[in-house]
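**Q**
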Amino acid sequence: MSEIEIRAATVADLPAITSIYDEAVQFGTATFELVPPDLAEMTRRFEALASAGFPYLVALLGGRVVGYAYAGRFHARPAYRFTVENTIYLAPDSHRRGVGTRLLQQLIDDCEKLGFRQIIAVIGDSANAGSIGVHAKAGFQMIGLHPDVGFKFGRWLDIVMMQRAIGGGGQMVPVADPCLSG
3 MSEIEIRAAT VADLPAITSI YDEAVQFGTA TFELVPPDLA EMTRRFEALA
53 SAGFPYLVAL LGGRVVGYAY AGRFHARPAY RFTVENTIYL APDSHRRGVG
103 TRLLQQLIDD CEKLGFRQII AVIGDSANAG SIGVHAKAGF QMIGLHPDVG
153 FKFGRWLDIV MMQRAIGGGG QMVPVADPCL SG
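So the sequence shown is numbered by my numbering: it starts at 3 and just counts up by one.
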């Protein structure tokens, strides 16, 4: 098996990222989007996160992008500035190969280096055992369940909320705001 490479995403990765997300939108319940965004919209989203300094990563196997992960603001109000929400998606043929584990761990490390204190995972569909499992393995704790808040593929879907403290979490007063450019 090829070794998993994790690196910062670039604009050149966006066609592969868009394809992975397209598959998730059309056939999965991890995202509550109903229509896959096109490359232009995915580029806009990427640039908004990257220009603000949030980590945005890709995983490669054999030189091919097989997954991506990023962190973004949990909420816009300033008191939330030490908390991020993470997102992770994998190509269908890359599940259960360690890709998600490696991506999530690198994302956690990057967020901690930037000065964030909490990472929130908002997981679509309580039946999403893969995402729940990879987050639990990375030290996330279940903090809540919002039942029946999404409707997709003719059925109601839950949201699972998981959280992990990093960089001292809430045990210490921060000395500076997170190191973001935007």
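Note that beta-carbon positions come from the ideal geometry of N, C-alpha and C, so glycine has one too.
#1: I'd like to know whether the C-beta atoms of leucine 109 and leucine 59 end up nearer to each other than 7 Å.
#2: Does the separation of the CB atoms of alanine 26 and threonine 20 fall below 7 Å?
#3: Contact between the stretch 76-85 and the stretch 47-59 is defined here as three or more beta-carbon pairs at a separation below 8 Å; is this criterion met?
#4: So proline 176 and glycine 100 are supposed to be a Cβ contact under 8 Å. How far apart are they, rounded?
#5: Give me, in chain order, the residues of the same chain whose beta-carbon lies closer than 7 Å to that of phenylalanine 169; leave out the 5 immediate sequence neighbours on both sides.
#6: Spatial neighbours of lysine 154 within its chain, please: CB distance less than 8 Å, with the 5 preceding and 5 following residues excluded, ordered by chain position.
#7: Roughly how many whole angstroms lie between the Cα atoms of arginine 98 and lysine 139?
#8: In terms of residues, what are the limits of the alpha helix (DSSP H) holding valine 136?
#9: So asparagine 88 packs on isoleucine 121, CB below 8 Å; how close in whole Å?
**A** Considering the structure as presented:
#1: The residue given as residue 109 occupies position 107 in the sequence shown. The residue given as residue 59 occupies position 57 in the sequence shown. For the pair leucine 109 and leucine 59, the CB atoms are nearer than the 7 Å cut-off.
#2: In the sequence shown, residue 26 corresponds to position 24, counting from 1. In the sequence shown, residue 20 corresponds to position 18, counting from 1. For the pair alanine 26 and threonine 20, the CB atoms are not nearer than the 7 Å cut-off.
#3: Contact between the stretch 76-85 and the stretch 47-59 is absent, because fewer than three Cβ pairs lie under 8 Å.
#4: Start at 1 with the first residue of the sequence shown, and residue 176 comes out as number 174. Start at 1 with the first residue of the sequence shown, and residue 100 comes out as number 98. The distance from the Cβ of proline 176 to that of glycine 100 is about 33 Å, inconsistent with a contact at the 8 Å cut-off.
#5: Taking the sequence shown and counting its residues from 1, one reaches residue 169 at position 167. The amino acid occupying residue 169 in the given sequence is glycine; phenylalanine does not appear at that position. Glu114, Gly117, Phe118 and Arg119, listed in sequence order.
#6: In the sequence shown, the residue the question calls residue 154 occupies position 152. Excluding the 5 residues flanking it on each side, lysine 154 has same chain C-beta neighbours closer than 8 Å at Thr31, Phe34 and Leu36, in chain order.
#7: Residue 98 sits at position 96 when you count from the first residue of the sequence shown. Residue 139 sits at position 137 when you count from the first residue of the sequence shown. So the two alpha carbons sit approximately 13 Å from each other.
#8: Taking the sequence shown and counting its residues from 1, one reaches residue 136 at position 134. DSSP places valine 136 in the uninterrupted alpha helix (DSSP H) bounded by 131-139.
#9: As a first step, residue 88 must be located in the sequence shown, where it is residue number 86. As a first step, residue 121 must be located in the sequence shown, where it is residue number 119. Contact flag correct, Cβ pair sits at about 5 Å.
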